[in-house]
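Input: a single structure, listed below in structure tokens.
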Amino acid sequence: MVIEPGLSDAEFTHLEGMLGIEFADDHRAFLAAGLRVGASWPDWRGEGRRSLQKRLQLPAEGVLFDVEWTAFWLDGWGRRPARMKDALRSARYHLAAVPQMIPVFGNHYLPAGRGTVGRPVLSIVRTDVAVVGANLHDYVDRDCGSTGAHAPAAADAVEFWSTLAG
3 MVIEPGLSDA
13 EFTHLEGMLG
23 IEFADDHRAF
33 LAAGLRVGAS
43 WPDWRGEGRR
53 SLQKRLQLPA
63 EGVLFDVEWT
73 AFWLDGWGRR
83 PARMKDALRS
93 ARYHLAAVPQ
103 MIPVFGNHYL
113 PAGRGTVGRP
123 VLSIVRTDVA
133 VVGANLHDYV
143 DRDCGSTGAH
153 APAAADAVEF
163 WSTLAG
């Protein structure tokens, strides 16, 4: 991993406008302090728009995959439509209302949202969700090995995604 100079305010403005996202305040501070570049780290400066959009879409696309291939359905979504195309349309409708997740590293995501801090970092692979950091500081601290491989502290809930963590 290489740490490049952090993202500037102009780069954040460009990324947020181009991708239709808002970085959480702690994620923004993390990326402004230094941009980690290397295997599995999103290259917010050098990676193409399509590649970044794909990373942003992976959590919802994974849920849709499970709706189609494993019959995943949440009770809160109401009765599952019988036709697959209707089930997928309904799932997309419900997913449009859940917090957008922004990649931190690999399949580890932080909820989007300007004005938010201290939200948990979640591992998201389709509908398999786990808390991997009570917050970004906890995640980075454990990732760098300074506190060892302990379970993350209790974390705030993230609408929808935390229900999948069970």
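For the sequence shown, position 141 (counting from the first letter as 1) is numbered 143 according to our numbering, and the numbering increases by one without interruption.
Glycine residues also receive a C-beta, built at the ideal position from the N, C-alpha and C atoms.
Asked	Found
Proximity below 7 Å, CB of Pro61 to CB of Ile104	no
The segment 72-82 in contact with the segment 43-57 per 3-pair CB rule at 8 Å	no
Within 7 Å, strictly: CB atoms of Leu138 and Phe32	yes
Separation of Asp11 from Glu63, as counted between CA atoms	30 Å
Under 7 Å between C-beta atoms of Leu37 and Gly8	yes
Whole-angstrom distance between Gly108 and Glu24, CA atom to CA atom	19 Å
Selection from Asp28, Gly135 and Trp71 that minimises the alpha carbon distance to Pro122	Gly135
Pair within 7 Å by beta-carbon distance, Val160 and Pro113	yes
Whether Arg144 touches Phe67 by CB criterion (7 Å)	no
Same chain, Cβ closer than 7 Å to Met20, neighbours up to 5 away in sequence not counted	Arg51
DSSP state of Ser125 mapped onto helix, strand, coil	strand
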